[in-house]
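In what follows, a single structure is set out as structure tokens and then discussed.
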Amino acid sequence: MNWVQRKIYLYNVTFGLYMLDWWERYLLSILSLSIDLIYFNLIRFFGDNLDVVYSVQRISLLFRALQ
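Counting in the working numbering, the sequence shown runs from 373 upward without gaps.
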């Protein structure tokens, strides 16, 4: 067993994926990777644009108060 096969084996055993079929393992891996990427990009987006979101919210609250 080479290093890559051992890491794949440890991944399957650690997360209990060894009892799943091959297609279920791939589906779960793709799903978790997609969720991780979406979460990562949301954190990046809101980290960069949080001041813009708050300024728009303050402007809309001010506009409502003036009416």
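By construction, the Cβ of each residue, glycine as well, lies at the ideal position given by its N, Cα and C atoms.
Report yes if the C-beta distance between residue i and residue j is below 7 Å; otherwise report no.
i, j, result
"Leu389", "Arg378", "no"
Would you report the Cα separation of residue i and residue j, rounded to the nearest angstrom?
i, j, result
"Gly419", "Ser406", "20 Å"
"Met391", "Asp408", "23 Å"
"Tyr411", "Ala437", "35 Å"
"Ser427", "Val376", "49 Å"
Out of the options, state which residue places its alpha-carbon closest to the alpha-carbon of residue i.
i, options, result
"Ser404", "Arg416, Phe387 and Ile415", "Phe387"
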